[in-house]
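These notes concern the structure reproduced below.
Numbering (mature numbering (1 follows the signal peptide of the UniProt record, and there is no 0)), first residue to last: -23 to -1, 1 to 759.
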């Protein structure tokens, strides 16, 4: 479970920040923090012997003794120092020590000094007066008029607390009474006053805050934001530490232009599995431009994620996200979806797993956010039953056998669309031949599928063939080898060549009778989609994912990778992959020429990584689609990263309009996507870190997103200011695909956080994750 703290810690769990940067700030912050000297004594400290040293001693045997002049009393892990100490005894066992005048108290948890104290040497109880204290090995200090210490609690009267260093008055908490719970690592305060630079700014009759790493219930850090779309926004989360294995967060958010939104989140870890349930709810969106298709102004999100293992061999996985309308992720920033996703997934899977077979039952549905006028959405499947069987070393140990079978029911919300049952069996026999020169795999496969289709109930629904059977055999030869160069092409680097060649043959089977031919969004069948053509997918068996479209194949794919390794470190510093598919005959699924590849055409892809310096890395890829006779995808990334908290990255991304339209049901921009941009994130000093990013769409001739964020860190507080300008779709309910319906949402936000000595991160990682286009680590070389 993640750790969360209450308002006055204002600490939010951070994701994997720079250890180097954190260490620098941590070292500075801990310079003035006392450290425990000596070895911690294990066992019951009250049973440890008492050692007393002093310049003078007046002993009244056997009842008491008075020590004066540099008195030192040590017992276990604790020590007392004073000018005058009177020790009362009962026989040979010491009982109490009374310190008169100034004193110092030290143990492995706290150090204190003041005037006049009484310490019970047979327990860990102590009464201190006019004291100032400092936590050991962590930030946290304060004063008290009087205090009572024992094993479990420290009760302080007229006390104060701050995690700031000495002479730093940035913030403090004062209370009439404070109880610090040592084992549970939290403090309670009555009549608490929160002060900033010595000025009271907040009062509470009762308050709790952490003095350690344990989770505590309470208010979390609030956030403030100003957006041209939503107006002023204020969020105030409340964290509830229900149990060690369960917690919840309730976040009311006020949008000045929209109204109130409530966002509860529950996390759990039980015998029934672990997961998260979250909702976001707005009863009425006041924004004039917004109105859903049914006229409702209610906005909501529901998300459930669950993973469960039971009875040793069973697994249950649930991932469910549903929103009230298609513009939800464009209007609201959410941890459970993004406007760039284009859809929300609702699925579950129950599976039984054994060493040589597995059986699962699942269901899946997509909620799409398509802005086109096409009312036909994707199919949902329920149930889907999958069975896999594996058997190695069959046919006298020369082949491996795999059987995949599936039964699935497809349905659609549109009455124009057909419904169907699909029954599929796919046996595979693979005979690998391997020696020191390489490997040759001979694989035979059979695709056997039967459809039972039902025409849509609408009078305009197209006629369907009720029963369709498709049987397609396949044969594949796959050769791979690794060759090492005898001579070094570049001094200090060893080179390898990894050529690969694959031949696939599948006869043609007309599949026009499967699924609808009317609507493009489902024109590829019930669950099929086009595959991308990067280097690695060139060696896939099929052009289409899913089972509804299995194109004919008589093709050869050839490619290879060359790699360079450093002699000194043995690490890979460069690789280059290239591949090409050559069609000996056209690949097609029906008589429609647009679904066929041209004869003797070739698809190819290039990909490369170059780590030309331990701080520099370059990545690039290029993909060509022969069906379109044009470049489909391309990208390049150049990154300089001397540490986790310092980086510079330059990116170029390209996707052709025709390629997007073939893979999606719509393209709202109606043109190529060409984006050029970069990000700079830098820890300028131990206290200051900044991030700036900008992405320009060359095709639209508009900036896509510009972000600036700055973090200021001290030992006891941090502040973050961010500014963003994001290109978003029109806020109106008018459906259109022109670039004139785009506008800019300008945001400004500021957050403050108090630190209690548990987080010294620069904040770079958090800044990089914020925004529509977040930072992505490029594909690197190990």
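Even glycine gets a Cβ: it sits at the ideal position worked out from N, Cα and C.
Ordered along the chain, which non-local residues of its own chain (more than five positions away) have a Cβ less than 8 Å from that of residue i?
i, result
"residue 247", "222, 223"
"residue 77", "59, 60, 61, 62, 63, 93"
"residue 751", "745"
"residue 605", "633, 635, 636, 639"
"residue 120", "108, 109, 110, 136, 137"
"residue 463", "none"
Taking 6 Å as the limit between beta carbons, can you name the residues of its chain near residue i, skipping five residues before and five after?
i, result
"residue 506", "522"
"residue 452", "421, 482"
"residue 763", "Past the edges of the chain, shown from -23 to 759, lies residue 763, and the structure says nothing about it."
"residue 456", "417, 478"
"residue 700", "685, 725"
"residue 97", "73"
"residue 274", "261, 262"
What's the gap between the Cα of residue i and the Cα of residue j?
i, j, result
"residue 159", "residue 659", "38 Å"
"residue 342", "residue 383", "17 Å"
"residue 687", "residue 492", "53 Å"
"residue 38", "residue 67", "10 Å"
"residue 572", "residue 375", "38 Å"
"residue 580", "residue 598", "14 Å"
"residue 622", "residue 9", "25 Å"
"residue 202", "residue 450", "60 Å"
"residue 167", "residue 137", "11 Å"
"residue 716", "residue 303", "Here residue 716 scores only 42 on pLDDT, less than 50, and its place in the model should not be relied on; the value that follows carries that caveat. So the two alpha carbons sit approximately 19 Å from each other."
"residue 33", "residue 174", "46 Å"
"residue 258", "residue 25", "60 Å"
"residue 265", "residue 749", "24 Å"
"residue 366", "residue 739", "51 Å"
"residue 128", "residue 118", "19 Å"
"residue 152", "residue 172", "11 Å"
"residue 234", "residue 254", "28 Å"
"residue 361", "residue 680", "44 Å"
"residue 753", "residue 250", "31 Å"
"residue 280", "residue 563", "45 Å"
"residue 89", "residue 65", "22 Å"
"residue 519", "residue 544", "40 Å"
"residue 163", "residue 185", "7 Å"
"residue 541", "residue 551", "5 Å"
"residue 755", "residue 614", "7 Å"
"residue 559", "residue 603", "10 Å"
Which residues in the same chain as residue i place their Cβ atom closer than 7 Å to its Cβ, once the five residues preceding and following it in sequence are excluded?
i, result
"residue 85", "13, 17, 54, 113"
"residue 466", "472"
"residue 526", "488, 501, 502, 505, 566"
"residue 414", "458"
"residue 290", "329, 330, 331"
Would you say residue i and residue j are within 9 Å of each other, going by their C-beta atoms?
i, j, result
"residue 2", "residue 737", "yes"
"residue 27", "residue 52", "yes"
"residue 238", "residue 230", "yes"
"residue 380", "residue 404", "yes"
"residue 703", "residue 678", "no"
"residue 378", "residue 336", "no"
"residue 81", "residue 100", "no"
"residue 278", "residue 236", "no"
"residue 537", "residue 461", "no"
"residue 657", "residue 628", "no"
"residue 391", "residue 340", "no"
"residue 252", "residue 282", "yes"
"residue 148", "residue 693", "yes"
Discussion item. Pairs of beta-carbons, one from the stretch 670 to 685 and one from the stretch 107 to 126, closer than 8 Å: are there three or more?
Written reply: no
Practice prompt. Would you mind listing the beta strand (DSSP E) stretches within the stretch 401 to 480 that are 3+ residues and don't spill past its ends, in chain order?
Written response: 415 to 431, 444 to 457
Practice prompt. Specify whether the stretch 198 to 218 and the stretch 168 to 187 touch according to this definition: at least 3 beta carbon pairs, one from each stretch, less than 8 Å apart.
Written response: no
Worksheet entry | Given 8 Å, three or more beta-carbon pairs between the stretch 317 to 329 and the stretch 289 to 301 | yes
Discussion item. Ignoring anything shorter than 4 residues, give me the alpha helix (DSSP H) runs that lie fully in the stretch 611 to 641, in order along the chain.
Written reply: 634 to 640
Discussion item. Give the list of continuous beta strand (DSSP E) stretches no shorter than 3 residues that lie fully inside the stretch 194 to 275.
Written reply: 200 to 204, 208 to 212, 215 to 220, 223 to 232, 236 to 247, 250 to 259
Worksheet item: Taking only runs of the beta strand (DSSP E) that begin and end inside the stretch 536 to 561, which ones reach a length of at least 3 residues, in chain order?
Response: 549 to 560
Worksheet entry | 3-residue-minimum beta strand (DSSP E) runs that sit fully inside the stretch 114 to 148, ordered along the chain | 118 to 126, 130 to 138
Fill in: Length-filtered (3 minimum) beta strand (DSSP E) runs lying within the stretch 665 to 713
665 to 674, 679 to 690, 694 to 705
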